[in-house]
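Number of protein chains: 2
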Amino acid sequence: MRIVVDMMGGDNGLYATLPAVKEFMNRHKDCELTLVGDSEAIGVIEGVEVIDAKKVMRMEAGALEVFRDKETSMAKAVMATLEKKADAVVSSGSTGAFLSLCALRLKKLPGVLRPALVCDFPTLVKGKKVTILDIGASSENTPEELNQFALMGSLYSKYSNGIEEPQVYLLSNGVEEEKGTPLVKAAHVLLKDNKKIDFRGNIEARDTMAGFADVIVCDGYSGNVLLKSSEGVAKTMSRLIKKAFKKNVLTMIGYLFAKSGFDEMTKTMDYKNTGGALLLGVNAAAVKAHGNSDARSFCSALEVAYRIASADLLSKIKEGLA
Amino acid sequence: MRIVVDMMGGDNGLYATLPAVKEFMNRHKDCELTLVGDSEAIGVIEGVEVIDAKKVMRMEAGALEVFRDKETSMAKAVMATLEKKADAVVSSGSTGAFLSLCALRLKKLPGVLRPALVCDFPTLVKGKKVTILDIGASSENTPEELNQFALMGSLYSKYSNGIEEPQVYLLSNGVEEEKGTPLVKAAHVLLKDNKKIDFRGNIEARDTMAGFADVIVCDGYSGNVLLKSSEGVAKTMSRLIKKAFKKNVLTMIGYLFAKSGFDEMTKTMDYKNTGGALLLGVNAAAVKAHGNSDARSFCSALEVAYRIASADLLSKIKEGLA
Numbered sequence: 001m002r003i004v005v006d007m008m009g010g011d012n013g014l015y016a017t018l019p020a021v022k023e024f025m026n027r028h029k030d031c032e033l034t035l036v037g038d039s040e041a042i043g044v045i046e047g048v049e050v051i052d053a054k055k056v057m058r059m060e061a062g063a064l065e066v067f068r069d070k071e072t073s074m075a076k077a078v079m080a081t082l083e084k085k086a087d088a089v090v091s092s093g094s095t096g097a098f099l100s101l102c103a104l105r106l107k108k109l110p111g112v113l114r115p116a117l118v119c120d121f122p123t124l125v126k127g128k129k130v131t132i133l134d135i136g137a138s139s140e141n142t143p144e145e146l147n148q149f150a151l152m153g154s155l156y157s158k159y160s161n162g163i164e165e166p167q168v169y170l171l172s173n174g175v176e177e178e179k180g181t182p183l184v185k186a187a188h189v190l191l192k193d194n195k196k197i198d199f200r201g202n203i204e205a206r207d208t209m210a211g212f213a214d215v216i217v218c219d220g221y222s223g224n225v226l227l228k229s230s231e232g233v234a235k236t237m238s239r240l241i242k243k244a245f246k247k248n249v250l251t252m253i254g255y256l257f258a259k260s261g262f263d264e265m266t267k268t269m270d271y272k273n274t275g276g277a278l279l280l281g282v283n284a285a286a287v288k289a290h291g292n293s294d295a296r297s298f299c300s301a302l303e304v305a306y307r308i309a310s311a312d313l314l315s316k317i318k319e320g321l322a
Numbered sequence: 323m324r325i326v327v328d329m330m331g332g333d334n335g336l337y338a339t340l341p342a343v344k345e346f347m348n349r350h351k352d353c354e355l356t357l358v359g360d361s362e363a364i365g366v367i368e369g370v371e372v373i374d375a376k377k378v379m380r381m382e383a384g385a386l387e388v389f390r391d392k393e394t395s396m397a398k399a400v401m402a403t404l405e406k407k408a409d410a411v412v413s414s415g416s417t418g419a420f421l422s423l424c425a426l427r428l429k430k431l432p433g434v435l436r437p438a439l440v441c442d443f444p445t446l447v448k449g450k451k452v453t454i455l456d457i458g459a460s461s462e463n464t465p466e467e468l469n470q471f472a473l474m475g476s477l478y479s480k481y482s483n484g485i486e487e488p489q490v491y492l493l494s495n496g497v498e499e500e501k502g503t504p505l506v507k508a509a510h511v512l513l514k515d516n517k518k519i520d521f522r523g524n525i526e527a528r529d530t531m532a533g534f535a536d537v538i539v540c541d542g543y544s545g546n547v548l549l550k551s552s553e554g555v556a557k558t559m560s561r562l563i564k565k566a567f568k569k570n571v572l573t574m575i576g577y578l579f580a581k582s583g584f585d586e587m588t589k590t591m592d593y594k595n596t597g598g599a600l601l602l603g604v605n606a607a608a609v610k611a612h613g614n615s616d617a618r619s620f621c622s623a624l625e626v627a628y629r630i631a632s633a634d635l636l637s638k639i640k641e642g643l644a
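Protein chains in written order, with our numbering: chain A, 1 to 322; chain V, 323 to 644.
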C-alpha cells in the first residue's frame, strides 16, 4: 500500500503535516509513504520517499494556474499518485484545486459517471457518523449520478465506517415520496429500484444529525448548502456559548464547573476528528484534509486514506458498478 | 386595517391563539380582527367578528382534502380574507395546506411570477435579523423568479425590519460570480442588472448568520435545505448543551452560575421571537406561525402581519414590479 502526501498545503504546512506523518508511520508499518514538499525541511526519514517541491498551490489559484503550474507540491503529489499507482493521496491545500487536479489527472474509475465529494457528519448518537455525498464536487447532477452516489456512499459506509448494512436516505424538502425538485423525484425512483443498497426514502435536512441515517445522498449544490449552513450554525452557536460563559464573573465561575461537560460536546462537534472530505470515484482515494488542519487533524485524514486503501474500497466500487 | 386569524391551527389551538389575540388587541386599537374558530370557546369579544368553524385542518391533509374540505377553520379564514379584502391572514396550522390555500385562493399580486416564503434568521449581530427567501414555497424556480424574490425581500427588509438600504446577496456554493448551478449563475446576471436593489454578490451558506447580509435570495429547494439544516444543527447543539450541564453535580452547579449568559443565547436563537414565515406575493400578507406556537410566539406572528399591513408592503411590491 502506498499513500502520497502533499506536505506543503494547508494553513500550517509542515508544522502540521510532518508530525502527523511521523505519528501515522508509528501506527502503520505496513504502509509506504511518498512525501511531496520541501525536502530540506522534511529531512531524511528512513524508508520514506521524498519528492522535492517547495512551491505551494495558491488558495486563490484559478483553473488555468492549477493545471499550468506543475511545480506546486499539490500538482506533483497528484502526478506521483498517478505514476506510482498509489492507493491514496492526501492534501490540506485548496479544495477547488485539489478536486480539479484529482478529477482530471487521476481519471474516473471505470463505470463512474461523476466523482462525488464525501464527508462524515457527527450525530446525536454517540460515536455514530453519517456519510453525506455529494457535498460539492459538482454544481449540477443527473438522477443517474445520484443513484451511483448512493452505491458509492453505501460501500464507503460499510468499509470505512464499519456499518454492515448502511441505511441510505435521499435529501429532500419532505419525507413523502413525491417531494423534491424534478431531479430528486427522478432519483427517488431509481434509488427505490436499486437492489444493491438499502434505500429508506427521503430525509429532511433537519434530521441529518438525528442519527438514524447512515448515508445521505444529495446533489453537489444542495450538499454544499447543507454542509456550509451546518458549519455556519455550529460556529455561531459555539461563539454564543463562549459569549455566554464570558458574560460576567458568575458565568465564568459557571464555566469552571461545567467545563468537563462541554469538553465532551466540543469533541462530538469537532470536525478535526473526522479527517476532512474524500473524493470518491477516481483512481485513488483522494483525501482533502481541512485547510486549517493541525497535526491531529491531518493524521485523521491519513487514517481515512489508510482505511479506504486497506479495505480496497475502490475495487469494491468498480465491482458494484459493473 | 383588517387581519383574519385562524384560531384553531397549531399544536396548542385556542390555548395559544386566544391570549395572543387579546394581548395584540390591547396593543393595537386601530386594527380590526376577524377570528375564525369555535365561536362558543372564543366567546364574545367586543368589536371583534367571529366566524364559527370547529373543524381543524389535518396536518397530514393531502392537496385534494385541503381544497375540498371547506369547513376547516383554515379554509374559512382564507376565504374570509378574500371576501373581506383583509390585509392579512395568520395561521399556525399545516404549512403545506396554508401555502396551497393562500396561493390558490388569494391569487398572486399583479406582476408576481411566483410567491415566495420568507423568514427572518437571527445573526451574530445583536438585534439584527437576515431575511431569507424562498425557503420552500416552490421546489423549482427560474432566474426571473429569483430576481423578483430579491425585490420582494428587499422591500420586506425595508418596511418590516426597518433597514433603509438592504444589502441583498444570492446564495451560492462560492462567493465568486461564476459559482453556482446554472440557475444561480443566470440569476446572478439578472440581479447585477437590477437597479431597484442593492445587490452585493454571492454568499455561502456558512455566512448566513454572520450579520452582514440583510436579504439572502435562493430557490425554494435550497432555501428549504438551508432553513432545515440550520434548525437541525441548532436543535442538536441545544441538546448537547443541556447534556453538558447535566453530566454531573459539578456541571449542574456550573449551570446555576452560567444561567444568565445562556438565557441571552436562548433568546437570540429562539425562533419564537421571529413570528414564523410569510408568504409574499399574494393579495394579502399570509403569515404562517410556527406549528408549536405558544401565546407569545403567535402574538409575534400577529405583529408581523400588522407591520406589513401598516407599511402597505403589498402596494410597494406592486409598484416595484410594475
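Each residue gets a CB set at the ideal place from its N, CA and C atoms; glycine is no exception.
Taking DSSP as the reference, what is the three-state secondary structure of C119 (chain A)?
Within the first sequence, the letter at position 119 stands for residue 119 (chain A). C119 (chain A): strand per DSSP, three-state reduction.
Just the C-alpha distance for H290 (chain A) and D520 (chain V), rounded to the nearest angstrom, thanks.
Position 290 of the first sequence, counted from the first residue, corresponds to residue 290 (chain A). Position 198 of the second sequence, counted from the first residue, corresponds to residue 520 (chain V). Roughly 34 Å between the two C-alpha positions.
Note down the Cα distance separating A301 (chain A) from V539 (chain V), rounded to an integer number of angstroms.
Here residue 301 (chain A) refers to the residue found at position 301 of the first sequence. Here residue 539 (chain V) refers to the residue found at position 217 of the second sequence. Distance between the alpha carbons of A301 (chain A) and V539 (chain V) is about 35 Å.
Burial state of S315 (chain A), where buried means 16 or more other Cβ atoms lie within 10 Å:
Within the first sequence, residue 315 (chain A) is the residue found at index 315, counting from 1. Exposed, since its Cβ has fewer than 16 Cβ neighbours within 10 Å.
Does G613 (chain V) get closer than 8 Å to chain A when you measure Cβ to Cβ?
Taking the first residue of the second sequence as position 1, residue 613 (chain V) is located at position 291. Not one chain A Cβ lies under 8 Å of G613 (chain V).
At the 8 Å Cβ level, is P504 (chain V) part of the contact set with chain A, yes or no?
On the second sequence, residue 504 (chain V) is found 182 positions in, with the first residue counted as 1. Yes, P504 (chain V) counts as interfacial toward chain A.
Please report how far the alpha carbon of G598 (chain V) lies from the alpha carbon of G201 (chain A), in whole angstroms.
Start at 1 with the first residue of the second sequence, and residue 598 (chain V) comes out as number 276. Start at 1 with the first residue of the first sequence, and residue 201 (chain A) comes out as number 201. Going by the C-alpha atoms only, they are around 28 Å apart.
What residues in the region 153-177 of chain A have a beta carbon less than 9 Å from any beta carbon of chain B?
Among the protein chains in the structure shown, which are A and V, there is no chain B.
Where does the unbroken beta strand (DSSP E) through F521 (chain V) begin, and where does it stop?
Position 199 of the second sequence holds residue 521 (chain V). Looking at the DSSP string, the run of the beta strand (DSSP E) that includes F521 (chain V) is 520-525.
Under a CB-based cut-off of 8 Å, is D207 (chain A) close to chain V?
Counted from its first residue, the first sequence places residue 207 (chain A) at position 207. Cβ-Cβ to chain V under 8 Å: yes for D207 (chain A).
Unbroken stretches of the beta strand (DSSP E), 3 residues or longer, contained in the region 150-179 of chain A:
167-171
For D328 (chain V) versus M396 (chain V), is the C-beta distance shorter than 8 Å?
In the second sequence, residue 328 (chain V) corresponds to position 6, counting from 1. In the second sequence, residue 396 (chain V) corresponds to position 74, counting from 1. Cβ atoms of D328 (chain V) and M396 (chain V): closer than 8 Å.
Does the region 280-289 of chain A come into contact with the region 86-101 of chain A, if we say contact requires no fewer than three beta-carbon pairs (one atom in each stretch) closer than 8 Å?
yes
Counting only the same chain and skipping the five closest in sequence on each side, list residues whose C-beta sits under 6 Å from that of Y491 (chain V).
For the purposes of this step, residue 491 (chain V) is identified with residue 169 of the second sequence, where counting begins at 1. Closer than 6 Å at the Cβ level, and outside the excluded window around Y491 (chain V), lie R522, I525, A535, I538.
Does V326 (chain V) come out as helix, strand or coil in the three-state DSSP assignment?
On the second sequence, position 4 is the one that residue 326 (chain V) refers to. DSSP places V326 (chain V) in strand when its eight states are reduced to three.
Could you round the C-beta distance between T453 (chain V) and Y478 (chain V) to whole angstroms and report it? I think they count as a contact, below 8 Å.
Along the second sequence, read from residue 1 onward, the residue named residue 453 (chain V) stands at position 131. Along the second sequence, read from residue 1 onward, the residue named residue 478 (chain V) stands at position 156. Right, the Cβ-Cβ distance comes to about 6 Å (below 8 Å), so this counts as a contact.
Residues that K550 (chain V) contacts on chain A, provided the C-beta gap is smaller than 7 Å
Start at 1 with the first residue of the second sequence, and residue 550 (chain V) comes out as number 228. Chain A residues near K550 (chain V): E204, A205, R206.
For the region 15-90 of chain A, list the beta strand (DSSP E) runs that are entirely contained and at least 3 residues long, ordered along the chain.
32-37, 49-52
Cutoff 7 Å; reference S139 (chain A); Cβ partners in own chain excluding five residues on either side:
Position 139 of the first sequence holds residue 139 (chain A). Cβ neighbours of S139 (chain A) beyond the five flanking positions: G220, Y221.
Can you look up V125 (chain A) in the DSSP assignment and give me helix, strand or coil?
Locating residue 125 (chain A) in the first sequence gives position 125, counting from the first residue. Coil, per DSSP.
Against chain A, with Cβ distances strictly below 8 Å, would R561 (chain V) count as a contact?
As a position in the second sequence, residue 561 (chain V) is number 239, starting the count at 1. Yes, R561 (chain V) lies at the interface with chain A (some Cβ there is under 8 Å from its Cβ).
Straight-line gap, I308 (chain A) to K228 (chain A) (C-alpha atoms, nearest Å):
Translated into the one-based positions of the first sequence, residue 308 (chain A) becomes position 308. Translated into the one-based positions of the first sequence, residue 228 (chain A) becomes position 228. Computed Cα separation, rounded: 25 Å.
Determine the DSSP secondary structure at V225 (chain A), reduced to helix, strand or coil.
Within the first sequence, residue 225 (chain A) is the residue found at index 225, counting from 1. V225 (chain A): helix per DSSP, three-state reduction.
On the DSSP bridge assignment, give the partners of L602 (chain V) in chain order.
One-based indexing of the second sequence puts residue 602 (chain V) at position 280. Note: L602 (chain V) sits in a beta bridge opposite V:A438.
Cβ-based neighbour list, L468 (chain V), same chain, cut-off 7 Å, excluding 5 preceding and 5 following:
Locating residue 468 (chain V) in the second sequence gives position 146, where the first residue counts as 1. Closer than 7 Å at Cβ, skipping near neighbours: A509, V539, D541.
Quick one, which residues of the region 445-473 of chain V are near chain A if we go by CB-CB under 7 Å, in chain order?
L446, G458, S461, E462
Give the secondary structure of A285 (chain A) by DSSP, where H, G and I count as helix, E and B as strand, and everything else as coil.
Your numbering for residue 285 (chain A) matches position 285 in the first sequence. The answer is strand: DSSP assigns A285 (chain A) an E or B state.
Taking I538 (chain V) as part of the beta strand (DSSP E), name the residues at either end of that continuous run.
As a working note, residue 538 (chain V) is residue 216 in the second sequence. I538 (chain V) -> beta strand (DSSP E) spans 537-539.
In the structure shown, what three-state DSSP assignment does I563 (chain V) receive?
Locating residue 563 (chain V) in the second sequence gives position 241, where the first residue counts as 1. Three-state DSSP puts I563 (chain V) in a helix.
Min CB distance A234 (chain A) to chain V below 8 Å
Here residue 234 (chain A) corresponds to residue number 234 of the first sequence, with the count starting at 1. Closer than 8 Å to some Cβ of chain V, the Cβ of A234 (chain A) qualifies, so yes.
G254 (chain A) CB to nearest chain V CB: under 8 Å?
Taking the first residue of the first sequence as position 1, residue 254 (chain A) is located at position 254. So yes, G254 (chain A) belongs to the interface.
Decide yes or no for the touch test of the region 552-572 of chain V against the region 230-247 of chain A: beta carbon pairs closer than 8 Å, at least 3 of them.
yes
Is L250 (chain A) close to chain V? Criterion is C-beta to C-beta, closer than 8 Å.
Within the first sequence, numbered from 1, the residue matching residue 250 (chain A) stands at position 250. Chain V contact via Cβ: present.
With a threshold of 8 Å between beta carbons, is S637 (chain V) in contact with chain A?
Against the second sequence, residue 637 (chain V) aligns to sequence position 315. No - not a single Cβ of chain A is within 8 Å of the one on S637 (chain V).
So, at 7 Å on beta carbons, what are the nonlocal neighbours of K377 (chain V) in its own chain, with the 5 sequence-adjacent residues on each side left out?
Residue mapping note: residue 377 (chain V) aligns to position 55 of the second sequence, counting from 1. Only E393, T394, S395 meet the Cβ criterion.
Using a Cβ cut-off of 9 Å, pull out every chain V residue sitting near V265 (chain A), in sequence order please.
Counting from one through the first sequence, the residue named residue 265 (chain A) turns up at place 265. Per the sequence shown, the amino acid found at residue 265 (chain A) is Met instead of Val. Residues of chain V passing the Cβ test: M559, L562, I563, K565, A566.
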